[in-house]
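For reference, the structure discussed in these notes is given below.
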Amino acid sequence: MGRTILWRAGSWTGLRWSGVPKMTSKYSDVNFVNNQDETTIMDRTLLNLSDPKVFSNMVVDESGIMRRFLWKETRWVEYWSAPQELCDKYLNCGPNSYCDPYNVVTFECKCFPGFEPNSSHDCIREKQGVSMCNNGEGFVKLEQMKLPDTSIAHADMSLSMNECKQKCLRNCSCMAYASANESEGGIGCLTWQGNLVDTRTYPNQGQDLYIRVDAVVLAQYAKKNGLTQKKRMLAILGVFAAVMFLLVVSVVFCFVMKKKKETRHSTYSDSADSTLPYFEDSTSRRDLDGTRRNSNLPLFDLRTIIAATDNFSIANKLGQGGFGPVYKGLLRNGMNSTYHHDGPSSNLIGHVWDLWREDNSMKMVDPLLDEAYPADEVSRCIQIGLLCVQEHAIDRPTMSTVVFMLGCFTHNRTIVFMNCAKPIDMIGYG
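Right under this line is the structure:
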């Protein structure tokens, strides 16, 4: 009976078998010796280092699947097998092609660069008869590959990668080359002559394989790689520009918001060129319906007023108003202004008391109300308010009395009010 190859572990890369991507330092500790005295390999599993007596075995079942087991808790547990997928099968794709299980657009078998498929399901050179010897040819790199069958490869462990390239380039029959050992940064040289078989790609593992191509294909791949590099550079520059734009916008936004905040909280400037700060739509002036009215009132801080009136000098006093003394002032920009200096009775209660005493209490009513209110009820409400702020608590009505007095308005009852004395804020508290 003849021999049938079902699966190939691949060549030794110095770290693992190229066809066993799961054989990493996380799972196995492999020691490979290949010299003139011996060729041996020792594989120690690392899946259960806590138990130095862990056993493992490897078997080939009746279907040709190689399986590896670990003895764990009285039974054998499988943790690896091969082949696992279609691309693992030996010669799943024809000569000069490789299997790509992650290519969902086209068939998983793809020809090497410079090759095209023929009717016998293998791949041949795109341009038959074109000289591939000293005619501008070169190599195209394929990444993350399982290297072709090395049973027909030539190995030279003394060569570097550059020397390996030159060796393959000088040999017109050389189809491809690769590193023989990756454990020391890529040393040794593997070269192939004739067809390349049993090759596939891996998502995260594999080696670099360099395929010989003619000058035309080499130029096409160089242009393609150049465009890829250009697109990558443009993408990087685009991301950088976007980040810088967002950074600049953020800085400008923060600066503008800071300036607005400083403007809202700034006081009147001390500089000679300052002008009166007018504030539109002052929140302190509102209509009865809650809408704002333009005030256009100049606002000054106390420091500016003291400087303009020479600390409220008598020489700058213009007179005495209902709310206290009035002073003239000279701003640093040469503009004249007047200021009212609050006196001891110039608060709201004192003002109401003065109007009540002068029998002008109705002046406290907003003119916008016009005559849409009973004047006698307003007068009584003002009187009740003044009674509630008397100096002595005994003179103030209780809440029940206030409710009773207000209720009389509704029932048209006539009551006699007590005479109002000076409110509390008028006697030493203003």
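Under UniProt numbering, the very last position in the sequence shown is 430; numbers go up by exactly one each time.
Don't be surprised by glycine CBs; every beta carbon is placed ideally from N, CA and C.
| Item | Value |
| --- | --- |
| For E137 and P95, I'd like the C-alpha separation in whole angstroms. | 21 Å |
| Should the stretch 155–170 be called in touch with the stretch 57–66, which here means at least 3 C-beta pairs below 8 Å? | no |
| Starting from M364, follow its DSSP beta bridges and name the residues at the other end. | Answer is none; M364 lacks a bridge partner. |
| Confirm, please, whether the CB-CB distance from L196 to F112 is below 8 Å. | yes |
| Does the Cβ-Cβ distance between V378 and V365 come in under 8 Å? | yes |
| Assign E280 to one of three DSSP states: helix, strand, or coil. | The pLDDT assigned to E280 is 41, lower than 50, so where the model puts this residue is not dependable, and the model offers no usable value. |
| Does DSSP classify Q166 as helix, strand or coil? | helix |
| CA-CA distance, C168 and V243? | 47 Å |
| Suppose you measure from the CA of E143 to the CA of Q207; what does that come to, to the nearest Å? | 6 Å |
| Roughly how far, in whole angstroms, is the beta-carbon of Y177 from the beta-carbon of T199, given that I think they are within contact range, below 8 Å? | 14 Å between Cβ atoms; not a contact. |
| Please go through the UniProt domain "Apple" (133–214) and give each complete alpha helix (DSSP H) segment of 4 or more residues, from N-terminal end onward. | 161–170 |
| Can you tell me the Cα-Cα spacing of S151 and C99, whole angstroms? | 19 Å |
| Got a sec? Which residues, its chain only, sit under 6 Å from K122 by beta carbon, not counting five neighbours each side? | Note that residue 122 corresponds to Asp in the displayed sequence, not to Lys. Result list for D122: G94, P95, in chain order. |
| Are the beta-carbon atoms of Y210 and K141 separated by less than 8 Å? | yes |
| Which residue comes first and which comes last in the alpha helix (DSSP H) that contains A82? | Premise fails: A82 lies in the beta strand (DSSP E), 75–82, not in any alpha helix (DSSP H). |
| Helix, strand or coil for Q383? Go by DSSP, reduced to three states. | helix |
| Give me the Cα-Cα distance between L406 and I384, rounded to the nearest whole angstrom. | 9 Å |
| Looking at the strands, I want to know which residues DSSP matches up with P117. | C123 |
| Contact check, E108 vs P101 under 8 Å by CB: the rounded distance? | 6 Å |
| Exposed or buried, what is P148 when buried is set at 16 or more other beta-carbons lying within 10 Å of its beta-carbon? | buried |
| Taking only three categories from DSSP, how would you classify M66? | strand |
| When you compare only the Cα positions, how much space is there between D214 and Y221? | 11 Å |
| What distance in whole Å lies between the Cβ atoms of L387 and P397, which are believed to be in contact at a cut-off of 8 Å? | 5 Å |
| Note down the Cα distance separating N316 from L331, rounded to an integer number of angstroms. | 13 Å |
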